[in-house]
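Numbering (my numbering), first residue to last: 1379 to 1664. All residues carry an ideal CB built from backbone N, CA and C; glycine is no exception. Treat the numbers as computed from the prediction; the structure is a model and nothing was measured.
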């Protein structure tokens, strides 16, 4: 990593403390010990501010990777670390989050891929068979409808969107714009899906619009039981449920692709609100 990359404000990777030469071709890299953020799935956040801090930090990490033409390809809670020692799901991270010292970083680049710097934009694709690697429950259906290639950058965004849906999807009644924001991260319509930079910009603008009272609002832990569908995190909660009808009317969310065999997965919350439209679209797509 170059010195310029280390100083990049978007560089949310775990810092390298030292490099110890081992042989002609190998070196040991010394890094601080960080812990898993899996506890967030059980304990959640104490307030809106810390939830936004988590999301913006991980998005910055993803933007940094994508700007350097690196795709992660296995984004999930276990691959997002925090700068404290944890015992996975057992550790309640909320006290440390409230301290204001929490930092987050993506890790585990065993499945990552880096495109050469001179790769044209239209050639930054990977064979669709790559979609079968990684952690399936956090992956979008990109490449599952017979396409030869898929966009791994858009794939990363949707995987991270699934993580966000799982952790903050139940907070949309407090911050209504989170619902369309999450939709834009996980939509099956790749042309409408946020890039990492667009998602970070949208999240930053959204946070700037929130009042101090909203940011410090105490929030409940993620619900467990029948509301949680572990096999599909982006459906863990109906993020459009109980939102004002006036807000829903301002944010119509048609299905991404009526021809896709899983076209309605990420728009299910919308169809729960508009069941007649769902029936019509399913009939049309049959």
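Asked: What does DSSP give as the partner residues of residue 1398 in its beta bridges?; Found: 1406
Asked: Which residue's Cα is closest to the Cα of residue 1372: 1447, 1551, 1547 and 1402?; Found: Any question about residue 1372 goes unanswered here, given that the chain covers just 1379 to 1664.
Asked: Assuming residue 1476 and residue 1428 are in contact, meaning their beta carbons sit under 8 angstroms apart, how far apart are those beta carbons, in whole angstroms?; Found: 7 angstroms
Asked: By how many angstroms is the C-alpha of residue 1569 removed from the C-alpha of residue 1641?; Found: Below a pLDDT of 50, predicted positions are generally treated as unreliable, and residue 1641, at 41, falls in that range; the measurement from the model is reported next regardless. Spanning the two alpha carbons is a distance of roughly 15 angstroms.
Asked: In chain order, what residues of the same chain have a beta carbon less than 6 angstroms from the beta carbon of residue 1416, not counting five sequence neighbours either side?; Found: 1455, 1456, 1466 and 1467
Asked: For the beta strand (DSSP E) that contains residue 1549, what are its first and last residues?; Found: From DSSP, residue 1549 is part of no beta strand (DSSP E); its letter is neither H nor E.
Asked: Quick one: Cα of residue 1617 to Cα of residue 1561, how far?; Found: 9 angstroms
Asked: Reducing DSSP to helix, strand and coil, say where residue 1392 ends up.; Found: coil
Asked: Note down, one range per segment and in chain order, each alpha helix (DSSP H) of at least 4 residues found wholly within the stretch 1524–1589.; Found: 1530–1546, 1556–1564 and 1574–1586
Asked: So does the stretch 1516–1525 actually touch the stretch 1472–1487, counting three or more Cβ pairs closer than 8 angstroms?; Found: no
Asked: Would you kindly check if the distance between the Cβ of residue 1449 and the Cβ of residue 1505 is under 7 angstroms?; Found: no
Asked: Thinking C-alpha only, which one of 1600, 1527 and 1532 is nearest residue 1545?; Found: 1600
Asked: Can the beta-carbon of residue 1596 be found less than 7 angstroms from the beta-carbon of residue 1425?; Found: yes
Asked: How many angstroms separate the CA atom of residue 1437 from the CA atom of residue 1541?; Found: 11 angstroms
Asked: For residue 1487, which three-state DSSP category applies?; Found: coil
Asked: Whole angstroms are fine: how far does the CA of residue 1419 sit from the CA of residue 1464?; Found: 13 angstroms
Asked: Please determine, among 1399, 1406 and 1550, the residue with the shortest C-alpha to C-alpha distance to residue 1598.; Found: 1550
Asked: Check the DSSP bridge columns for residue 1413 and list the partner residues they point to.; Found: 1460
Asked: Among 1491, 1459 and 1629, whose alpha-carbon lies nearest the alpha-carbon of residue 1393?; Found: 1459
Asked: Just tell me which of 1593, 1589, 1558 and 1565 has its CA closest to the CA of residue 1580.; Found: 1558
Asked: Alpha carbon to alpha carbon, how far is residue 1399 from residue 1630? Give it in angstroms, no decimals.; Found: 57 angstroms
Asked: Taking C-beta to C-beta, are residue 1444 and residue 1574 nearer than 7 angstroms?; Found: yes
Asked: Going by DSSP, what residues sit across from residue 1448 in a beta bridge?; Found: 1492
Asked: Note the first and the last residue of the continuous alpha helix (DSSP H) segment covering residue 1476.; Found: 1472–1476
Asked: Just curious, the alpha helix (DSSP H) that residue 1419 is in, first and last residue?; Found: 1418–1421
Asked: Counting C-beta neighbours from all protein chains within 10 Å, is the total for residue 1403 16 or more, i.e. buried, or is it exposed?; Found: exposed
Asked: Leaving out the 5 sequence neighbours to the left and right, which residues in its chain are closer than 6 angstroms to residue 1521 when beta-carbon positions are compared?; Found: 1506, 1509 and 1528
Asked: Could you tell me which residues DSSP puts in a beta bridge with residue 1505?; Found: 1527
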